[in-house]
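Single-structure report; data block below.
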Amino acid sequence: MNVLVFDTYEELSAAAGQMYVRLLQQKPDCVLGFATGSTPLGLYRFLAEQNQKGVVDFSRVTTFNLDEYYPMDPAHDQSYRYFMNKNLFDNINIDKANTFVPDGTAKDCTKVGAAYDQAIEAHGGIDLQLLGVGRNGHIGFNEPDTALVAGTHVTDLTDDTIDANARFFEKKEDVPTKAITMGMGTIMKARQIVCIISGKNKHEVVKALQNDLVTTDCPATFLKMHPNVTILCDKEAYEG
Ligand code: GLP
């Protein structure tokens, strides 16, 4: 695991962005795994700028997002589909038909979860998966638990996550209590992973990434078993 520390969030976002620029130039039809949350916003702005300047082209790119609230209508302004359109897809030359987000309206979630994993495989697998981390160490919506799930599945959100995400809703009671998320196996199958971590409230997760333990209490620690992971963090997250 390669850990890089940056003075500022802007530098971190640009460094993550350069990884995408390199990949998009080498493999214009790459498959990208995207994430939501506030941490990727700087990276998404960077990618939109690079696309508008003509440095990168998304016309042949396919994307798979990590997760979606459940149940959730994609048209809802707090859906992750809405977030991705607003913060990235509407600002780059991607064909939205090639952008996939887990279906928050699914009736048969087991079937829909398996189909999502199969669709990733059918596209040749994810070349570069972006991750943020929850302050409790979750990745996607794989929450700390006694056991983790391999494939894309529906999960209950922990109270801590509902609390952390309440800032985006009018009130805490409006935050969905479930989500549909790529599983740990889905994430670990990506050929390369870039994990971006910003802010003091993520310091405990950065600490957990620096020892040699892998624990379901902190799902992000599973990244230690992946052969090609880059962790980019800002000083605040690194130093606490
Ligand atoms: C949500 C997403 C995660 C994301 C996390 C952190 O819970 N499911 O994928 O990493 O938020 O969000 P933020 O970057 O806003 O701290």
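So the sequence shown is numbered by our numbering: it starts at 53 and just counts up by one.
Ideal Cβ placement from N, Cα and C applies to all residues, glycine included.
The ligand GLP approaches Phe193 closely enough that one of its heavy atoms is under 6 Å from the residue's Cβ. Between the C-alpha atoms of Ile239 and Phe193 there is a straight-line separation of about 11 Å. Taking a contact to require three or more Cβ pairs closer than 8 Å, the stretch 228-235 and the stretch 200-210 qualify as touching.
Taking 6 Å as the cut-off, the C-beta of Ser90 counts as close to a heavy atom of the ligand GLP. In this structure, DSSP gives Gln181 an extended state, which the three-state scheme calls strand. At the C-beta level, Ala216 and Val258 stay beyond 7 Å of one another. A contact between stretches requires three or more CB pairs, one per stretch, nearer than 8 Å, and the stretch 238-254 meets this requirement with the stretch 274-284. Here the alpha carbons of Asn188 and Asp81 stand approximately 34 Å from one another. Under DSSP, no beta-bridge partner is assigned to Ala66. At the C-beta level, Gln130 and Phe220 come within 7 Å of one another. The continuous beta strand (DSSP E) containing Leu84 extends over residues 83-86. Here Phe116 is near Phe152, since their CB atoms are less than 7 Å apart. Taking the Cβ of Gly186 as the reference point, at least one heavy atom of the ligand GLP falls within a distance shorter than 6 Å.
Distance check between Asn145 and each of Asp155, Val108, Ile178, Glu173 places Val108 closest, using alpha-carbon atoms only. DSSP, reduced to helix, strand and coil, places Ala199 outside both helices and strands of the structure shown, so it counts as coil. In the structure shown, the three-state DSSP call for Ala171 is helix.
By the CB criterion at 7 Å, Met124 and Gly165 fall outside the cutoff. Counting along the chain, no alpha helix (DSSP H) covers Glu120; the unbroken beta strand (DSSP E) around it starts and ends at 119-122. Annotation for Lys230: the continuous beta strand (DSSP E) segment containing it runs 230-233.
For the options Phe58, Phe86, Pro279, the alpha carbon positioned closest to that of Asn137 is the one of Phe86.
Remark: the shortest separation between the CB of Ala87 and any heavy atom of the ligand GLP falls under 6 Å. DSSP places His255 in the helix class (H, G or I) of the three-state scheme.
Taking C-beta atoms under 8 Å as the contact rule, Asn143 and Ala100 qualify, at a distance of about 4 Å. Put simply, of Ala202, Lys223, Gln262, Gly186 the residue whose alpha carbon is nearest the alpha carbon of Thr210 is Gly186.
Gln244: member of the beta strand (DSSP E) spanning 244-249, first to last residue.
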